[in-house]
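Note that UniProt numbering gives residue 193 to position 193 of the sequence shown, counting from 1, and the numbers run on in steps of one.
The structure appears below as structure tokens.
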Amino acid sequence: MHDADLIGPTSHIFLSQRLRLHYVDWGNPGAPLLVLLHGGQDHSRSWDGVARALRRDWHVVAPDLRGHGDSEWSSDGSYNFAAYLYDFAQFVQQLSSIPVTIVAHSLGAGIALRYTGLFPEKVRKLVAIEGIGAMPPVFAKRATRPVAEKWRDWIDERRQVSGHAPRRYATLDDAVARMRAANASLSEAQIIHLTHHAVTRNEDGSWSWKFDPYVRHPAPVDIRDEDRQALWTRIDCPVLLPWGTRSWAGNPFAIAGTALIRDARAPSFDAGHWLHHDQFDAFMAALTDFL
């Protein structure tokens with residue numbers, strides 16, 4: 001291993017909608033820009049393995065979404081696609097290195113797909129991991145309800161969250177144990193790494209997850225399906241849509257409208273939703289070939 005590969009990323013702040021949002025930069029600024037965008041309840045350091053593997057050939061940067069990682073929480077608990085999308089557009093605008101290549105997961109992939117449809121001239125290639133398929137079961141159940149019931153449930157959920165303090169773990173080992181229980185397919189090294197970057201220490205010495213509890217309860221509003229598909233028709237760069245055969249998301253080409261993306265492939269992996277962790281070597285082989 002080269003000595004430079006042992007050095008971690010530098011930490012930076014950019015401003016969007018009055019929020020101080022965080023990102024990490026893995027250096028090599030003369031190389032083509034590669035943006036890594038994480039999913040819900042995750043963080044930028046979830047990409048460390050991918051970043052280390054690509055940093056010699058790419059200028060790798062990875063932002064923390066609002067309310068995630070080391071970015072500020074929204075003062076009004078606003079976590080919808082409109083807010084995320086503006087933040088990401090602001091981030092790319094400030095990078096001033098167009099076009100960019102984007103590798104994104106889950107919620108991040110949904111953001112990246114919308115961004116690429118809006119600004120096709122700004123994206124060279126896009127890898128959207130499990131961001132175009134089915135919704136998580138809890139959101140899918142809500143989406144099928146009558147509109148009044150859906151919005152009433154959301155208001156009730158938000159009211160309940162407002163009275164809950166973030167969960168506290170007495171020790172860091174307790175937080176690691178929770179990560180292990182929730183992600184059985186991860187290696188022990190991955191579990192420890194992801195947990196250490198996912199928690200913050202409270203004043204009383206306990207530990208809590210960094211993400212804002214409100215991110216679990218976004219408002220039930222987004223662009224219409226037909227409008228989202230119209231955005232997909234505007235994507236003119238090559239697109240990779242990796243998916244896990246053991247994930248709830250399913251084959252992206254089983255979703256109506258995906259075929260409207262002109263240059264898309266959807267390789268499958270024997271993995272769950274975090275396929276870039278579950279099958280890291282296989283994913284990296286597919287990713288480097290695509291890039």
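Don't be surprised by glycine CBs; every beta carbon is placed ideally from N, CA and C.
The structure displayed is predicted, hence computed values, not measured ones.
6 Å CB neighbourhood of residue i in its chain, flanking five on each side removed
i    : result
L260 : Q229, W232 and T233
D212 : G67 and W73
T245 : S268 and D270
W26  : P9, A51, R55 and V60
DSSP-derived helix/strand/coil call for residue i
i           : result
R228        : helix
G244        : strand
R20         : strand
S75         : coil
V221        : coil
S46         : helix
L15         : strand
residue 292 : With the chain covering only 1 through 291, there is no way to say anything about residue 292.
I255        : coil
D289        : helix
I261        : coil
D70         : coil
Sub-8 Å separation of residue i and residue j beta-carbons
i    : j    : result
L291 : K122 : no
H217 : E130 : no
L275 : V103 : no
S185 : G49  : no
R45  : H277 : no
Q279 : D270 : yes
I255 : G133 : yes
P238 : D263 : yes
W154 : A83  : no
Identified DSSP bridge partners for residue i
i    : result
A62  : V24
T200 : S208
S268 : W243
A104 : L37 and A128
T10  : D25
Y169 : W207
Neighbourhood of residue i by C-beta distance below 7 Å, restricted to the same chain and skipping five residues each side
i           : result
residue 300 : Past the boundaries of the shown model lies residue 300; the chain is included only from 1 to 291, so the question cannot be answered.
V100        : L33, V35, V92, K122, V123 and R124
H164        : P213
H43         : D64, H68, G69, H197, A198 and K210
Cβ shell of residue i (< 8 Å), same chain only, five flanking positions each side left out
i    : result
D174 : W207
### Query
Residue ranges of each beta strand (DSSP E) run of no fewer than 3 residues wholly in the region 121–165, ordered along the chain?
Uninterrupted beta strand (DSSP E) stretches at least 3 residues long and entirely within the region 121–165 occur at 123–129, given in chain order.
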